[in-house]
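Take a look at the structure below.
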Amino acid sequence: MSLKTYFWSLILSTLLASGAWVFVLLYIDPYESGPVGQGLFYLSFWLFVFGVLVNVFVWLRAKFLGAEGAIQTMGLSFRQGFLTASLFLTLLILKANDYLIWWVGLLVTAGFFLVELYFLSREE
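For the sequence shown, the positions run 1042 to 1165 when the numbering used here is used.
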């Protein structure tokens, strides 16, 4: 499959995720729907951010490494998008529960950074 096909399928899935997130924002009240509504909000937010980040990472790799390099590092883009979107979601959940202060945010960020460093060291 070519890079263009990958890229357009990523864009389409990101648009679907953003549509789901906007739907949840507009039509689901988190106070009335309880944990289900909050779970849908967090899931759709994570899918949207994941899609945007993977698109950005693939685009940057295509720009700097070329199409072949971007295809070869597609797994790296997905993993980094997954970890970064999970970091954003974790910080959002901490903020929603009033647990987020600057040093907790730094510790959580450092934890995700260490996970990525672990994966990068295993690839070599």
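No residue lacks a Cβ here, since even glycine has one placed at the ideal position from N, Cα and C. Keep in mind the model is a prediction, meaning the values are calculated, not measured.
| Check | Outcome |
| --- | --- |
| Own chain partners of VAL1145 with C-beta closer than 8 Å, once the 5 adjacent residues on each side are dropped | LEU1135 |
| Where GLY1075 falls: helix, strand or coil (DSSP) | coil |
| Span of the alpha helix (DSSP H), counted from its first residue to its last, around THR1131 | 1115-1137 |
| Supposed close pair TYR1047, MET1115 - CB separation, criterion 8 Å | 7 Å |
| LEU1161 to SER1118 span [Cα, whole Å] | 12 Å |
| The alpha helix (DSSP H) enclosing SER1054, as first and last residue numbers | 1044-1068 |
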